[in-house]
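Report on the following structure.
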Amino acid sequence: MNRIEYADVVVVGGGSCGCVMASRLSENPDRSVLLLEAGPSFSSVTDVPAALRDASMLPIGPGSEWTGTYSAELTSGVGRTIARGRVLGGSGAVNGGYFVRATPSDFDAWPQSVWSFDQVLPFYIGSETDLDSGVARRWHGSYGPMPVARTPERARHLLTTEFMKAAVNAGFPMQDDLNSPDASAGGVGAVPLNIHNGIRVSAALAYLLPILNRQNLRVQGDSTVTSLMFHGSKVIGVESIVDGVRNVVRSDTVILSAGAVHTPALLLRSGIGPADDLVALGISVEVDSPGVGRGFSDHPEVAVPITPMNETPTASPALEAVLHSGDVEIRPYTRRFDRLIAGLAHGPHVVGVGLMRSTSRGSIGLRNTDPFEAPDVVYHYLESDVDRRAMRDGVALARDLLASPSMSSKVEVPSIDDPLAALGTSLHLSGSARMGPESDSTSVLDDHCRVRGVDGLFVVDTSAFPVVPSRGPHATAIMFAERVADLIADHDRRAEA
Ligand SMILES: Cc1cc2nc3c(=O)[nH]c(=O)nc-3n(C[C@H](O)[C@H](O)[C@H](O)COP(=O)(O)OP(=O)(O)OC[C@H]3O[C@@H](n4cnc5c(N)ncnc54)[C@H](O)[C@@H]3O)c2cc1C
52 MNRIEYADVV VVGGGSCGCV MASRLSENPD RSVLLLEAGP SFSSVTDVPA ALRDASMLPI
112 GPGSEWTGTY SAELTSGVGR TIARGRVLGG SGAVNGGYFV RATPSDFDAW PQSVWSFDQV
172 LPFYIGSETD LDSGVARRWH GSYGPMPVAR TPERARHLLT TEFMKAAVNA GFPMQDDLNS
232 PDASAGGVGA VPLNIHNGIR VSAALAYLLP ILNRQNLRVQ GDSTVTSLMF HGSKVIGVES
292 IVDGVRNVVR SDTVILSAGA VHTPALLLRS GIGPADDLVA LGISVEVDSP GVGRGFSDHP
352 EVAVPITPMN ETPTASPALE AVLHSGDVEI RPYTRRFDRL IAGLAHGPHV VGVGLMRSTS
412 RGSIGLRNTD PFEAPDVVYH YLESDVDRRA MRDGVALARD LLASPSMSSK VEVPSIDDPL
472 AALGTSLHLS GSARMGPESD STSVLDDHCR VRGVDGLFVV DTSAFPVVPS RGPHATAIMF
532 AERVADLIAD HDRRAEA
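Be aware that the sequence shown starts at 52, since it is given in this note's numbering, and climbs by one per residue.
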């Protein structure tokens, strides 16, 4: 063993939520905060490599030094290897830059005590600086860390422009601001992006790296937390491996922000999960919590191939506009994925169709107790009739728009035998250690994100969402961490009063 350290709060995982938590919690100079991140860390904003800053590419290709992978079964017989961010900033450091808020009705599934739309709206607003002058200021922030802007009309990729025209001609409303609550009615609009001057602004860049000089904050990269430590029903610290050496950090407060795949895996390895599964792996049971790893949700995505007639090189963001119709989101990507992700084999240019309210619920389980082995992830995508029908209708709508006069002069649409064959995932995994009422035995957390049955242990990442929102989760992940940090600060304020 190397050494034993102490911190008032340990944050496990420096991804989108972990960076916000470490930044906000260390605003209190009397609280020492240690952030442990499995992947590489950086010492300043300027230390972040160009590959992570460049928003025109996704640095997640084969051999990427910024990602970890896991094997998944999307649906019976369809396997995939899937990447997530494994670097300071997490998946938000390698993602597409789409930064769209959840709709007000998405929060109906969240505990209303703390998470009604009215209660979360101030935290969406406080987390951002919306740089666009055309948006209604009542919905937007001007002082928050995350910059948000939409690609202006004059700068849009030709395919984006023609797609938006086709959607409007087909009768869909134009939404000037997809982050306004009114946009939940559906329609086509420019995607709010957390991209500024071509730079993908992750939570590491926005929240953490600018305040690294705080004396009470330490950020340690290349540190994989392997298990939690308990005394009775109280968490007392974490064990980690740094350069092959075991470390112990003692702490009364541990915040798990290792992401929706690795947070449940860490809970399971530490004895919090379905008792039968733990016993089968020889793990002693700390808390029998049947919902850990079970019942997660995500957005299945089907790719509709297109052949653009003229392909011009572009540095546009991957996605500049989307159409929301019913439960689907149609995504006219600006170029082929092998042009967005270095090292991918040549593939067709596609329009994506995401099913944003899917009935499928997946599960995450350990293969063994090796902390460096990713868990198995099973999605059960498109296994219900209702999902298959919604996805088929979405693909048909996408193909109709592509065949419309405004688009048919720009792209050809090859025929396809099975509209659902090109199945993928949007990489929006949420709800693998959910919040919920005590009456729901599958909820792992209370409404303040405290793990039931363990004092001092919190989950603050998209695992905690009751269900994946009907929009991409990144903006909601940042809001969520802001809100939890404020709940903790509020608790401190009350304790001092
Ligand atoms: C390629 C990709 C593209 C995406 N594009 C978009 C998009 O454009 N818009 C959108 O809304 N959403 C997008 N998403 C989803 C979105 O980025 C994520 O939902 C969000 O970033 C999740 O935040 P998080 O804090 O829950 O987890 P993450 O950001 O994944 O953070 C988890 C962190 O924990 C670390 N970690 C894991 N295990 C351990 C351990 N044992 N010890 C220490 N550290 C650990 C990881 O290395 C990682 O840094 C995308 C996701 C991916 C993967």
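We put the CB at the ideal spot given by N, CA and C, even for glycine.
Check, Outcome
"The alpha helix (DSSP H) with N220 in it runs from where to where?", "209-220"
"Buried or exposed for Q226, going by 16 or more other Cβ atoms inside 10 Å?", "buried"
"With H, G and I counted as helix, E and B as strand and the rest as coil, what does DSSP make of I550?", "Residue 550 is absent from the model: the chain starts at 52 and stops at 548."
"Should A331 go down as buried or exposed, given a rule of 16 or more other Cβ atoms within 10 Å for buried?", "exposed"
"Where DSSP assigns a beta bridge to D105, which residues make up the other side?", "I250"
"Do you know offhand how far P100's Cα is from T277's?", "27 Å"
"Consider the C-beta atom of V61 and the heavy atoms of ligand 1; say whether any pair is separated by less than 7 Å.", "no"
"Using DSSP's beta-bridge definition, name the partner residues of R563.", "Outside the shown range of the chain (52 to 548) lies residue 563, about which nothing can therefore be said."
"Quick one: give me the first and last residue of the alpha helix (DSSP H) that T527 is part of.", "525-547"
"Can you tell which of R251, E362, V518 has its C-alpha closest to the C-alpha of G148?", "R251"
"I want to check one thing, is the minimum distance from the CB of V300 to the heavy atoms of ligand 1 below 7 Å?", "no"
"Who are the Cβ neighbours of A354 in its own chain at under 7 Å, not counting the five residues just before and after it?", "V401, G403, A473, G475"
"My guess is that S483 and I381 are in contact by the Cβ rule of under 8 Å, so how many angstroms apart are they, rounded?", "Not a contact, Cβ separation roughly 27 Å."
"Write down the C-beta distance between P351 and Y432 rounded to the nearest angstrom, noting that I regard them as a contact closer than 8 Å.", "4 Å"
"May I ask you to check if the CB of A484 is nearer than 7 Å to at least one heavy atom of ligand 1?", "no"
"Please report how far the alpha carbon of V42 lies from the alpha carbon of E290, in whole angstroms.", "There is simply no residue 42 to check, as the chain begins at 52 and stops at 548 in what is shown."
"Could you name each continuous beta strand (DSSP E) segment of 3 residues or more that falls completely within the stretch 220-246, going from the start of the chain to the end?", "238-241"
"For T120, which residues of its own chain have a beta-carbon under 6 Å away from its beta-carbon, when the five flanking residues on both sides are left out?", "T132, A134"
"Looking at the unbroken alpha helix (DSSP H) that takes in G445, where does it start and where does it end?", "436-453"
"I need the straight-line Cα distance from A393 to P110, nearest angstrom please.", "7 Å"
"Going straight from the alpha carbon of I246 to that of V171, what length do you get?", "23 Å"
"Find the nearest neighbour of D421 within the set E337, T275, S367, R189, judged by alpha-carbon distance.", "T275"
"For P465, which of helix, strand or coil comes out of DSSP?", "coil"
"Per DSSP, E371 is paired with what?", "BP columns for E371 are empty, so no partner."
"Can you tell which of G177, S193, Y175 has the C-alpha that lies nearest to the C-alpha of D183?", "S193"
"What is the rounded straight-line gap between the Cα of V63 and the Cα of A311?", "13 Å"
"Are there any heavy atoms of ligand 1 lying less than 7 Å away from the beta-carbon of G288, as far as the coordinates show?", "no"
"Under 8 Å Cβ to Cβ from V186, same chain only, skipping five residues before and after it: list those, please.", "D227, D228, N230, S231"
"Considering D389, what are the terminal residues of the alpha helix (DSSP H) in which it resides?", "388-391"
"For the beta strand (DSSP E) that contains S156, what are its first and last residues?", "No beta strand (DSSP E) contains S156, which DSSP labels as neither H nor E."
"Could you tell me how far apart the beta carbons of F174 and S167 are, in whole angstroms, since I believe they sit closer than 8 Å?", "With a Cβ gap of about 12 Å, F174 and S167 do not count as contacting."
"Can you list, in chain order, the residues of its chain with a C-beta nearer than 6 Å to that of I306? Leave out the 5 residues immediately preceding and following it.", "V62, M72, F509, V511"
"Looking only at C-alpha atoms, which of L76, V60, R54 sits nearest to A540?", "L76"
"Could you spell out the range, first to last residue, of the alpha helix (DSSP H) harbouring I334?", "Per DSSP, I334 belongs to no alpha helix (DSSP H) and is neither H nor E."
"Compare the beta carbon distance of F223 and S376 with 8 Å and say whether it is the shorter of the two.", "yes"
"Measure the alpha-carbon distance for E116 versus L85 and round it to whole angstroms.", "23 Å"
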